[in-house]
Amino acid sequence: MKSLTGKAFTDGMANKVEAKNIFKIFGSEPDRVFEMVSKGHSKADIHAETGQTIGVNDASFEVAEGEVFVVMGLSGSGKSTLVRMINGLIPPTRGQMMIDGVDVASCSAETLRKVRREKVAMVFQHFALFPHKTVIDNVAYGLKVKGLPAAERRERSLKALAQVGLEAYADSYPEELSGGMQQRVGLARGLATEPEILLMDEPFGALDPLIRRDMQLELLELQRSLKKTIVFITHDLNEALILGDKIAIMKDGSFVQVGTAEEIVGEPADEYVRAFTQDIDRSRVFEVAAIARPPLSIEIDAPVSDALARMEAENVDAMFVTDKGTLQGQVLYRGLSGASDPEALAQHLDPDFATVTPDAHLHELYGKAAAGRPIAVVDETGAFTGIVEPGDIFHQLVRGEEHESGQKRAATA
Amino acid sequence: MFSPSDLFEIPFGDWVDSAVKDWLVPNFRPFFRSLQAPISFVLDGLDGFLNAMPMLVFTAVLAFIAWRTAGRGVAIFTALALVFLDLIGVWGQTMTTLAMIVTAVFFCAVIGVPVGILAARSDRFLAILRPILDVMQTIPPFVYLVPIVMLFGVGTVPGVIATIIFALPPIVRLTNLGIRGVRADLVEAAYAFGSTPSQVLWEVQLPLAMRTIMAGLNQTLMMALSMAVIAALIGAGGLGLTVNTGLGRLDVGTAMEGGIGIVILAIILDRITQSFAERKAVATPSLAQTFRGFFKPSRMAARAADEKPA
Ligand SMILES: Nc1ncnc2c1ncn2[C@@H]1O[C@H](COP(=O)(O)OP(=O)(O)O)[C@@H](O)[C@H]1O
Ligand SMILES: [Mg+2]
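Sequence lines, in order, name chains D and S.
Be aware that the first sequence starts at 783, since it is given in this note's numbering, and climbs by one per residue.
Be aware that the second sequence starts at 29, since it is given in this note's numbering, and climbs by one per residue.
Written as structure tokens, this is what we have:
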């Protein structure tokens, strides 16, 4: 649901970043490469024949205000080149890169500097902190370049450092900090100028897995209040799925699929994407809404025989009971079939049933599903919106693998 | 045995001779003369200042500088060595040589650092510059003494000019090297935050290249010192002149007096400038700390205890 609400929230807003048919060719004769590209030659062929490299091949995308756009792909697929074209560190060979309506691919050096100072900040894979400056001077760099007075620089940098929890280290040097702390400084440096857009090129790629996990959660936490427009580069699909409102999968400089986490994992566009999705934890991608069934229930004053008949018709073992639409409890087929007093459904009511919100991820259901009974889906307003059958959880989790083994079978046949 | 020179000879010497004598000297002499003005201004000022300074004051100042930059050992050596030079009677010559060296190194830095920066920024400029530097470094300095005399005359200033030409390459090379050696991702980060090229230079490239540039300055200084004797051949004074005089009279003692002076200056200046390149390697207690150290209660108590029995 996160991504859906994200969309609803951003639909009315302008796009912050808009790339239109962006190409980057590393080499002296791009025209020759373009000709080969239009004839459908591959990146490897073109490199073998011309010695030139296609960094980015016809990428188009939009990033709406407040959205986290993740670009994911193997090393060498053109992610760093792409993100550097957004702030003009690498000029595109062809195409337009609009930042708030300004084409950074064709604007003057002066305009480009203004965009970098005011709109777009960047966080780097290897932190790229200045070793000769203290932490606070690193954080203040963007403000200094803008020409702000020293006192204001210090005040705003301390604020940015506080956002990442490092105000105590303001006067240390970067080399005195751990990797995770250094990247927090990198993040604070990016936040200090209060840019609307944050570019992050594999920011957690150089960190240990546990610290990486912490940083991801911390970034999500920060983003909840800051609502920056973020372009996040990673080679780790799990990271992409955790952070991205929208994810683009890149291969050899082109986008092979752009979509939400559920779309990428649920319907991989091709074998390349599918290969990535194999190792990921599907229970952290899919939300309850994806597997919820309609809210089947019976009113509390209905006769027991009705309940039994409905359960038989729907082929279920348990059913929710409502009183004028509000959930009261659950009745089991087992309990009702031997009922001595066939009129009172209320007597067989089990008020101890599990509930879950529609935007919970499937892994949160494991404990609740252990009893083997259906789980009620209840939204933030308390409305009963659906039912999760325990069997559906596991069915959803193995779907990717079923496809996988089906393919193998087809291949061996 | 046949050799190509039996057929004809190339009058290479004549060509150079006429190029310098008939074209360069008559046309550009005033221009070259005007180049002397800033050098002689700095040199005369420095020479006058150093020679006017009382010997003990200078020794104290240089020993202090050595202490703050290179540590206590070098400071003690500096003080003792300078007193020694005074005792053997070459104080005045030492100051003149020092003035020449400092002037030459000053102009090397003023010219060399910007040229090195340009070379770091433009591959094409470096491609042109590199062979020129190679020639400057390999050509024996005796060879260009003659044109220098023709263009600038004889004396201390032409001597300094010869020294500048000889000592310039290392600082240019190492400035270029230092700036090119700054991590590319740091430069990229600086640009990503909207720096102008000159902000990148002052905020990131120069500070991070400073050690390498200082190593270049140290090399330039050492080369300048090694020119002291050669510069004396075209009329420069100082310790080089003492050496040459000794040489002319086959007076080993006098030559050695000049020689030892140059060696001592070289050691002191080398240690001090090397410590710039190595920064942080030496712990430098602040002046206040040191004075406080002198008057520590424990020390005073110890001294008081020493004095009592007497
Ligand atoms: N400056 C460059 N000159 C030539 N080729 C380059 C340059 N930068 C990147 N490339 C090539 O462009 C492709 C994309 O590189 P990059 O954007 O760094 O990939 P990623 O960040 O996804 O690992 C690679 O094949 C790489 O070799
Ligand atoms: Mg990369």
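The beta carbon of each residue, even a glycine, is placed where N, CA and C say it ideally should be.
Any idea if residue 1109 of chain D is buried or exposed, counting beta-carbon neighbours within 10 angstroms, 16 or more meaning buried? buried
Using a Cβ-Cβ cut-off of less than 9 angstroms, list which residues of the stretch 887-901 of chain D approach chain S; keep chain order. 891, 894, 895, 896, 897, 898, 899 and 900
Within 10 angstroms of the Cβ of residue 81 of chain S, are there 16 or more other Cβ atoms? Answer buried if so, exposed if not. exposed
Contacts that residue 871 of chain D makes with chain S (C-beta to C-beta distance below 9 angstroms): 216, 219 and 220
Measuring CB atoms only, is the stretch 201-212 of chain S touching the stretch 236-246 of chain S, in the sense that at least three cross pairs come out at less than 8 angstroms? yes
List, in chain order, every chain S residue whose beta-carbon is nearer than 7 angstroms to that of residue 912 of chain D. 214 and 232
Under a CB-based cut-off of 8 angstroms, is residue 224 of chain S close to chain D? yes
Within the present structure, is the beta-carbon of residue 861 of chain D separated from the nearest heavy atom of ligand 1 by less than 7 angstroms? yes
Tell me the residue span of the alpha helix (DSSP H) that contains residue 818 of chain D. 812-820
For ligand 3, I want to know if residue 221 of chain S counts as a neighbour, meaning its beta carbon is within less than 7 angstroms of at least one of the ligand's heavy atoms. Only ligand 1 and ligand 2 can be found as ligands here, which leaves ligand 3 out of the picture.
In whole angstroms, what separates the C-alpha of residue 297 of chain S from that of residue 169 of chain S? 22 angstroms
Supposed contact pair residue 957 of chain D and residue 913 of chain D - C-beta distance, whole angstroms, cut 8 angstroms: 6 angstroms
When D/1045, D/1014, D/889 and D/1071 are compared against residue 1059 of chain D, the one with the closest alpha-carbon: D/1045
Within 10 angstroms of its Cβ, does residue 1176 of chain D collect 16 or more other Cβ (buried), or is it exposed? exposed
Quick check: the Cα distance between residue 143 of chain S and residue 199 of chain S, rounded to an integer number of angstroms? 9 angstroms
Do the stretch 949-963 of chain D and the stretch 819-837 of chain D make contact, defined as three or more Cβ pairs closer than 8 angstroms? no
List the residues of chain D that residue 236 of chain S touches, going by C-beta distances under 9 angstroms, in chain order. 912, 913 and 914
is_contact[residue 963 of chain D, chain S] using C-beta, thresh 8 angstroms: no
Report yes if the C-beta distance between residue 979 of chain D and residue 865 of chain D is below 8 angstroms; otherwise report no. no
Provide the residue(s) that pair with residue 1168 of chain D in DSSP beta bridges, ordered along the chain. D/1159
Under 8 angstroms, Cβ to Cβ, is there at least one residue of chain S near residue 955 of chain D? no
Restricting to runs no shorter than 3 residues, where is the beta strand (DSSP E) found entirely within the stretch 988-1056 of chain D? 1011-1016, 1028-1033 and 1036-1041
Start and end of the alpha helix (DSSP H) containing residue 1075 of chain D? Note, residue 1075 of chain D: premise wrong, no alpha helix (DSSP H); not H, not E.
In angstroms, rounded to a whole number, what distance separates the CA positions of residue 65 of chain S and residue 989 of chain D? 59 angstroms
In terms of alpha-carbon separation, which member of S/222, S/153, S/232 and S/135 lies closest to residue 924 of chain D? S/222
Among the residues of its own chain, which have a CB less than 7 angstroms from the CB of residue 126 of chain S, if the five just before and after it don't count? 78 and 293
Give a single yes or no on whether residue 983 of chain D has its beta carbon closer than 7 angstroms to a heavy atom of ligand 2. yes
At the level of alpha carbons, what is the spacing between residue 831 of chain D and residue 162 of chain S? 39 angstroms
Given a cut-off of 8 angstroms, decide if residue 1055 of chain D and residue 1031 of chain D are closer than it, judged by their beta-carbon atoms. yes
Does any residue of chain S bring its CB to less than 8 angstroms from the CB of residue 967 of chain D? no
Whole-angstrom distance between residue 202 of chain S and residue 863 of chain D, CA atom to CA atom: 32 angstroms
What does residue 858 of chain D touch in chain S if you count any residue whose Cβ is under 8 angstroms from its own? Those within 8 angstroms of residue 858 of chain D in chain S number zero; the least Cβ separation is about 18 angstroms.
Tell me where the beta strand (DSSP E) around residue 844 of chain D begins and ends. 835-846
Going by beta carbon distance, what residues of the same chain come within less than 8 angstroms of residue 262 of chain S, once the five residues before and after it are set aside? 173, 176, 177, 182, 183, 186, 187 and 190
Since residue 981 of chain D is in the beta strand (DSSP E), which residue starts that stretch and which ends it? 979-983
Please classify residue 1143 of chain D: does DSSP put it in a helix, a strand, or coil? strand
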